[in-house]
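Let me begin by presenting the structure, written as structure tokens, before commenting on it.
2 protein chains.
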Amino acid sequence: MNKLNDIFPYLYKLENPQNCSAIVRTADAVGIKKIYITEDKPFVINEKISKGSHQWVEIEIIRNPFEFIENMKKKNFKIVSTSLDEKSIDYRLYDYNQKTIIIFGNESNGVDKEILEISDYLIKIPQYGKVQSLNVSVAFGVIFYWIDYVKRGVKKWK
Amino acid sequence: MNKLNDIFPYLYKLENPQNCSAIVRTADAVGIKKIYITEDKPFVINEKISKGSHQWVEIEIIRNPFEFIENMKKKNFKIVSTSLDEKSIDYRLYDYNQKTIIIFGNESNGVDKEILEISDYLIKIPQYGKVQSLNVSVAFGVIFYWIDYVKRGVKKWK
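Going down the list, the protein sequences come from chains B and A.
Per this note's numbering, residue 54 is the first one in the first sequence, and the count goes up by one each step.
Per this note's numbering, residue 54 is the first one in the second sequence, and the count goes up by one each step.
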């Protein structure tokens with residue numbers, strides 16, 4: 054096993070269970086150990102989409118986001134929110150060799166302003182098109198496979 | 054506009070219109086000029102998922118895949134198929150500074166064997182989990198944002 058041990062995603066009030074399930078599947082593929090989730094409304098991970106991968110990726114439901122973030126900061130985690138904010142930096146500029154929580158926000162409203170304000174960094178994926186925003190599960194894959202590159206390098210299979 | 058002018062995706066017999074629509078949306082975001090599609094069965098791009106982005110990304114339906122590939126080879130395009138095949142190389146090892154068609158195959162069966170055989174390269178995304186395969190729209194995002202990195206570098210917004 055080659056799991057990512059010090060970088061964890063935090064899914065913050067996603068409204069579409071399909072997105073959440075697709076993310077759990079990607080998380081399994083890219084070797085994420087644990088996902089933190091604050092539900093928008095309670096939902097059940099979609100078995101079909103996650104293809105059973107939620108059995109292999111640990112999921113912790115967070116009831117109090119502010120307490121959670123406070124606790125993670127005390128454990129020296131950096132809090133990084135994905136946001137289309139002007140101040141956000143290219144996701145490839147952040148130094149992933151730090152203990153990090155990466156927050157992915159609601160499909161319509163993004164990460165709440167109060168959470169952005171207590172984040173250490175804001176990151177975004179450059180977009181060149183007419184459509185405002187990538188699907189959150191695609192953004193998740195793009196960012197975590199960049200982390201795969203940074204942390205593990207390019208695979209040379211025999 | 055900062056479109057990719059010499060790398061084009063070719064969606065080969067995807068069975069889920071949602072995936073196809075999500076890909077069109079990602080294609081718009083990452084600045085793809087044109088998508089080639091061979092339909093599994095005829096479908097209409099899902100308006101809701103693609104969020105109108107198919108109006109900005111050119112789509113060409115390919116009726117004869119072999120003729121299309123032959124023609125693109127004559128125009129000096131390399132044919133690169135995504136495949137979980139043992140012989141596939143890490144997608145980050147391919148040299149994207151070549152005119153290239155990247156083929157994404159059917160969700161269940163991948164790219165047909167006959168197409169793999171006439172491909173110049175096979176690429177894959179490393180996976181560390183128990184689940185066999187990433188969702189094709191996530192894989193599409195991962196590969197094309199790697200191409201964004203190779204071709205355009207890291208964005209330094211002001």
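In this text, a Cβ means the ideal position worked out from N, Cα and C, and glycines have one as well.
Small disclaimer: the values here were computed from a predicted structure and weren't measured.
| Item | Value |
| --- | --- |
| Chain A contact residues for S190 (chain B), given Cβ-Cβ distances below 9 Å | A75, N188, S190, V191, G194 |
| C-beta neighbour in chain A for Y65 (chain B), strict 8 Å | no |
| Inter-stretch contact at 8 Å, needing at least 3 Cβ pairs: the segment 59 to 68 of chain B / the segment 152 to 162 of chain B | yes |
| Per-residue contacts from L146 (chain B) into chain A (C-beta, under 9 Å) | V207, K208, K209 |
| Interface positions of the segment 159 to 184 of chain B facing chain A (Cβ-Cβ less than 8 Å), listed along the chain | I178, P179, Q180, Y181, G182, K183, V184 |
| Span of the alpha helix (DSSP H), counted from its first residue to its last, around E120 (chain B) | 118 to 127 |
| Cβ of N55 (chain B) within 8 Å of any chain A Cβ | yes |
| Residue of B:K177, B:V203, B:W199, B:K183 minimising C-alpha distance to K209 (chain A) | B:K177 |
| Candidates A:D81, A:T79, A:F193, A:V207: closest to N159 (chain A) by CA position | A:F193 |
| Buried/exposed call for F157 (chain A), threshold 16 Cβ in 10 Å | buried |
| D181 (chain B) versus A:V164, A:E123, A:T135, A:F197, residue with shortest Cα-Cα distance | Sequence inspection shows Tyr at residue 181 (chain B); the Asp mentioned does not correspond to that position. Cα-wise, what sits closest to Y181 (chain B) is A:F197. |
| Option nearest V203 (chain B) by Cα separation, candidates A:I168, A:E113, A:R145 | A:R145 |
| S74 (chain A) versus G206 (chain A): straight-line alpha-carbon distance, rounded | 27 Å |
| Residue of A:Y147, A:K183, A:D138, A:S161 minimising C-alpha distance to E170 (chain A) | A:D138 |
| As assigned by DSSP and simplified to three states, the class of I178 (chain B) | coil |
| Assigned exposure category for I132 (chain A) - 16 Cβ within 10 Å defines buried | buried |
| 7 Å CB neighbourhood of V189 (chain B) in its chain, flanking five on each side removed | L67, N72, F157, E160 |
| With 16 other Cβ atoms within 10 Å as the buried cut-off, status of D81 (chain A) | buried |
| Under 8 Å between C-beta atoms of E120 (chain A) and K87 (chain A) | no |
| Short Cβ contact (8 Å threshold) for I142 (chain A) with L187 (chain A) | no |
| Under the three-state DSSP convention, the category I196 (chain B) falls into | helix |
| Min CB distance T135 (chain B) to chain A below 8 Å | no |
| Contacting residues, own chain, Cβ-Cβ under 6 Å from Y65 (chain B) (five flanking each side not counted) | T91, I156, G158, V164 |
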